[in-house]
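Residue numbers (mature numbering (1 follows the signal peptide of the UniProt record, and there is no 0)): -17 to -1, 1 to 484.
Don't be surprised by glycine CBs; every beta carbon is placed ideally from N, CA and C.
Shown next, in structure tokens, is the structure this report addresses.
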């Protein structure tokens, strides 16, 4: 800046030496212009105008070099270029100590400001600077803008470097480097990258593309500038930290919401509604519990609802470590697929305390001990019956005897009848039984058969079937009957012959 001032002074002296100039009674100098002082008010003195079309209102010791520059109310300022305006609305500061280099720039009610470039706008600023084109800074102090199409509003001690960035809404000590980034109500915030957003957060950091830190629920004290809330950090693209404090993301497309002191390193993972101190290391993982961890890809913590198995341990102050889980995604055709991830924890020492993990080696030892004990139990079981088992067997036997008694008392077919349907009852040792039977014989009564069944009071069923063939004869009755039958037949034949004669 000093070099520019010295160069301007050098041009002024050189111009005085080689060009005609005019001086009025107030010490105003016009060189290479119309040499007409009508555009200088009576309250202006000690101004230097090089060119033509300049206007000065209540200005003191100002340099205007170029053409059609306009200066209002202020002192010790430099305008180098064309069609620039330094204006005073009468409500804020005088325009003192301003350096403006370029064309079509505008400064309003500002002090100790610097603009280099074209079409920039500096409104009610103190000790701020703009280098570039089409930038805007309003109601800011000790801030800098470098690039084009950037905006800096209601900010202090802030810096914007790049294009189409915006810092606004009482943002202090914030820095933005990149393209289309935005800071709103951010304190000590830092953004390096493109298309990032930081809102209502303090001491937060973003490096990457398309990421967001938003803490709407927390109020930032802009008067004391002493808040230590938020303190979030993002390194990567498309990440988000929402309503959280002291959290950290490294990776891409991750999100931390409503959580504090949390950390994600991975891709497409999230920590939500985990109030404090949760960690993810991996991709497509999630944590939704306090003080919990998800390690490896596709790891997901589950809500702990049930008490400890066999121990009835309470769920209070019990947190989760997930090393696997399920991930649901859709393929190119829109079909939903569930991917399940399982992991083994390797290199564990044998657990010693009640709250330490058990290894497979320890389980094998337990299994061997159980097998040895099981062999002894099997021997005892095979060679010993307790009283209950003996009683069961006795009841079973008594019921069987009752069935046999009932079936033994079923009468058999006899006489000149061919069939017999009968029933009987049996009792033995406190057990009751009912039997039903059916028996029969053939025409010659030399073949007999019987079917029977019984059920006792224990519900046990007995069935039986039998058949028999009778051989031989006790006397010659059958033979005699046959002889008499033949004689009767012969007599009938004789009688019939006599009748016919």
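Asked                                                                                                                            : Found
Span of the beta strand (DSSP E), counted from its first residue to its last, around residue 416                                 : 414 to 424
Status (buried if at least 16 other CB within 10 Å, exposed otherwise) for residue 202                                           : Reliability of the predicted coordinates at residue 202 is poor, the pLDDT of 38 falling under 50, and the value obtained from them is presented with this limitation in mind. Answer is exposed; the Cβ neighbour count stays below 16.
Spatial neighbours of residue 452 in its chain, beta-carbon cut-off 7 angstroms, leaving aside the 5 residues before and after   : 429, 430
Which listed residue (110, 114, 94, 93) has its alpha carbon closest to that of residue 103                                      : 114
Spatial distance of residue 219 from residue 313 (CA atoms)                                                                      : 25 angstroms
Distance CB(residue 35)-CB(residue 48) smaller than 8 angstroms                                                                  : no
Beta-bridge partners of residue 434, as assigned by DSSP                                                                         : 421, 448
Span separating the alpha-carbon of residue 151 from that of residue 13                                                          : 41 angstroms
Enclosing beta strand (DSSP E) for residue 294 [first to last residue]                                                           : Note, residue 294: premise wrong, no beta strand (DSSP E); not H, not E.
Inside the segment 13 to 85 only - beta strand (DSSP E) runs reaching at least 3 residues                                        : 31 to 35, 38 to 43, 46 to 50, 53 to 58, 61 to 65, 68 to 70
Enclosing beta strand (DSSP E) for residue 177 [first to last residue]                                                           : 173 to 177
Euclidean distance between Cα positions of residue 119 and residue 259                                                           : 41 angstroms
Beta-carbon proximity of residue 252 to residue 215, cut-off 8 angstroms                                                         : no
Buried or exposed by the 16-neighbour rule on C-beta atoms within 10 Å, applied to residue 292                                   : exposed
Secondary structure of residue 328, DSSP reduced to three states                                                                 : coil
Euclidean distance between Cα positions of residue 92 and residue 161                                                            : 29 angstroms
Alpha-carbon to alpha-carbon, residue 466 and residue 481                                                                        : 23 angstroms
Same chain, Cβ closer than 6 angstroms to residue 473, neighbours up to 5 away in sequence not counted                           : none
Integer-rounded CB distance, given that residue 305 should sit under 8 angstroms from residue 277                                : 4 angstroms
Whether residue 224 touches residue 196 by CB criterion (8 angstroms)                                                            : yes
Residues bridged to residue 220 (per DSSP)                                                                                       : 235
According to DSSP, residues forming a beta bridge with residue 404                                                               : 421
Beta strand (DSSP E) segment containing residue 106, residue limits                                                              : 104 to 106
Whole-angstrom distance between residue 401 and residue 476, CA atom to CA atom                                                  : 34 angstroms
Rounded separation between residue 337 and residue 309 - CA only                                                                 : 30 angstroms
Of the residues 153, 96, 101, 107, the one placed nearest residue 127, counting alpha carbons only                               : 96
Residue 428 - DSSP class collapsed to helix/strand/coil                                                                          : coil
CA nearest to the CA of residue 99, picked from 108, 89, 107                                                                     : 89
For residue 422 and residue 395, believed in contact at Cβ under 8 angstroms, the rounded distance                               : 5 angstroms
Given 8 angstroms, three or more beta-carbon pairs between the segment 51 to 58 and the segment 36 to 43                         : yes
Environment of residue 284 [buried if 16+ CB atoms lie within 10 Å]                                                              : buried
Reference residue 384, options 411, 303, 237, 391, closest by Cα                                                                 : 411
Pair within 8 angstroms by beta-carbon distance, residue 255 and residue 234                                                     : no
Short Cβ contact (8 angstroms threshold) for residue 445 with residue 437                                                        : yes
C-beta contact flag for residue 221 and residue 266 at 8 angstroms                                                               : no
Nonlocal neighbours in the same chain, by C-beta distance under 6 angstroms from residue 173, ignoring five residues either side : 158, 188
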